[in-house]
Amino acid sequence: MGINLDSYQQELRHAYVRGGPGAIISGAVWFTAALTAMYSCVSNGFFLLFFAGMFIFPLSKFALKLFFQRTPESKPNPGGLIVIETVFPMIGGLFAA
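Just so we're aligned, residue 170 is where the sequence shown starts under the numbering used here, counting upward by one.
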């Protein structure tokens, strides 16, 4: 008998500390981009948000390892693929907007 959905979700909640570090890093990136847009120009804020936004997930993973000593999710966990599966629709949505 394989692992059920509840076990997969519990593993992801534990591995990502319920999403806290990712939310904090994402908020810091958005806040910095907003300050840049306010005090410099909107295009600089957009470019900062676009390029720094690419590093939200890697920085979150780094913070999880550095501060929380969390191991990544297991390979057979289908929840780990959600990140990869949502990248292209998000980029498509950016261009559609």
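Idealized CB from N, CA, C, for every residue including glycine.
query	result
Boundaries (first-last residue) of the alpha helix (DSSP H) holding Glu180	174 to 184
Nearest to Leu181 (by Cα), restricted to the options Met259, Thr255, Glu242	Glu242
Unbroken alpha helix (DSSP H) run spanning Ala266, endpoints	Element bounds for Ala266: n/a, residue is neither H nor E.
Cβ-based burial, Ser209 [other Cβ within 10 Å; buried from 16]	exposed
The region 190 to 201 in contact with the region 219 to 233 per 3-pair CB rule at 8 Å	yes
Residue span of the alpha helix (DSSP H) that contains Ser229, given as start and end	225 to 236
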